[in-house]
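Below: one structure, written as structure tokens.
Residue numbers (the working numbering): 17 to 319.
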């Protein structure tokens with residue numbers, strides 16, 4: 017069970033390792049983009065390559081799809097970023113149910129662990145293979161692996177790395193786990209933190225924060241949901257910035273050249289690298305400054 021690109025290596029790995037996948041469960045096809053084109057999830061696309069049966073319940077609990085799944089006689093449920101809670105009745109219908117979670121549990125239970133790891137300036141992220149229980153990401157931990165977060169990483173690059181870590185860790189864990197040779201460890205409830213989905217308010221840049229915090233916020237929301245500020249009364253998305261030298265009123269333009277635009281923060285500044293004005297596509301800062309950005313002057317304010 018999975019939905020985004022993060023989940024695809026897990027499915028590929030299970031099949032390549034010789035496990036019999038009897039069904040794939042993913043979220044329904046959704047309308048995406050400005051044109052609202054209906055698109056299949058990455059996991060559905062992968063499942064079709066293997067001619068596997070695909071179930072796409074809007075809500076799995078109590079659905080006809082759930083009843084069908086329980087009749088398949090599966091031994092184990094494996095989830096990786098599926099995006100729905102699984103009811104106890106379904107979990108209890110199999111011998112084992114494990115989840116590939118993209119955090120170092122008990123830190124960052126919830127739907128946006130990679131985002132928060134970067135936003136909070138963590139030095140590492142990771143994957144935990146855990147047993148599934150009714151409560152969100154609260155099951156006993158079977159195995160875990162950490163990798164570093166570098167300054168060149170954003171959410172997109174970290175998900176790519178962690179999808180491979182998750183695949184490899186799952187495949188290394190399952191044989192001994194299924195033989196009862198591994199003893200899962202309960203999570204320390206005193207160390208639990210949560211990573212709920214990013215809200216629209218959290219996407220807004222706080223220029224009174226430190227330059228490092230703004231840098232982490234932007235890359236911790238890139239390529240989605242994308243941090244933003246306000247320019248000329250409209251939303252102005254920031255896809256990438258870098259920490260720069262300088263000082264001034266937070267949010268103020270303190271330096272401008274043909275290739276750079278520097279904005280002051282609480283303790284320094286950031287230089288914009290990739291931006292997206294309202295109604296326009298994502299573009300390098302140079303392209304913006306050669307067009308709409310020509311009207312920006314030193315001293316102008318981003319809100």
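Cβ coordinates follow ideal geometry from the N, Cα and C atoms, glycine included.
Exposure label - residue 275; buried when at least 16 CB within 10 Å: exposed
Pairwise C-alpha distance: residue 37 and residue 31: 7 Å
CB of residue 144 within 8 Å of CB of residue 160, strictly: yes
Where residue 282 sits in the DSSP three-state scheme: coil
Identified DSSP bridge partners for residue 18: 96
Nearest-angstrom Cα separation, counted from residue 46 out to residue 193: 36 Å
Cβ distance (whole Å) where residue 298 is taken to contact residue 244 below 8 Å: Their Cβ separation, rounded to whole angstroms, is 12 Å, which puts residue 298 and residue 244 out of contact at 8 Å.
Same chain only: Cβ atoms within 8 Å of residue 178, ignoring 5 sequence neighbours per side: 22, 118, 130, 141, 142, 143, 163
Separation of residue 90 from residue 321, as counted between CA atoms: It is not possible to answer for residue 321, since the shown part of the chain is limited to 17 through 319.
Euclidean distance between Cα positions of residue 35 and residue 92: 10 Å
Three CB pairs or more closer than 8 Å across the region 211–229 and the region 53–63: no
Spatially closest choice to residue 88 from 71, 99, 96, 77, by CA coordinates: 71
Within 8 Å, strictly: CB atoms of residue 314 and residue 269: yes
Separation of residue 152 from residue 242, as counted between CA atoms: 26 Å
Uninterrupted beta strand (DSSP E) stretches inside the region 233–301 (no shorter than 3 residues): 243–247, 250–260, 269–272, 277–280, 285–293
Unbroken beta strand (DSSP E) run spanning residue 157, endpoints: Segment 157–164, the beta strand (DSSP E) holding residue 157.
Contact between the region 77–86 and the region 42–57 (3+ Cβ pairs under 8 Å): Cβ pair count under 8 Å is below three, so no.
Cutoff 7 Å; reference residue 214; Cβ partners in own chain excluding five residues on either side: 128, 131, 237, 241
Residue 10 versus 135, 182, 176, residue with shortest Cα-Cα distance: In the structure as shown, the chain begins at 17 and stops at 319. Residue 10 is therefore absent and cannot be evaluated.
Presumed contact (8 Å Cβ cut-off) between residue 19 and residue 97, rounded CB distance: 6 Å
Check whether residue 250 and residue 287 have beta carbons under 8 Å apart: Judged by beta-carbon spacing, residue 287 lies beyond the 8 Å limit of residue 250, meaning their Cβ atoms are not closer than that value.
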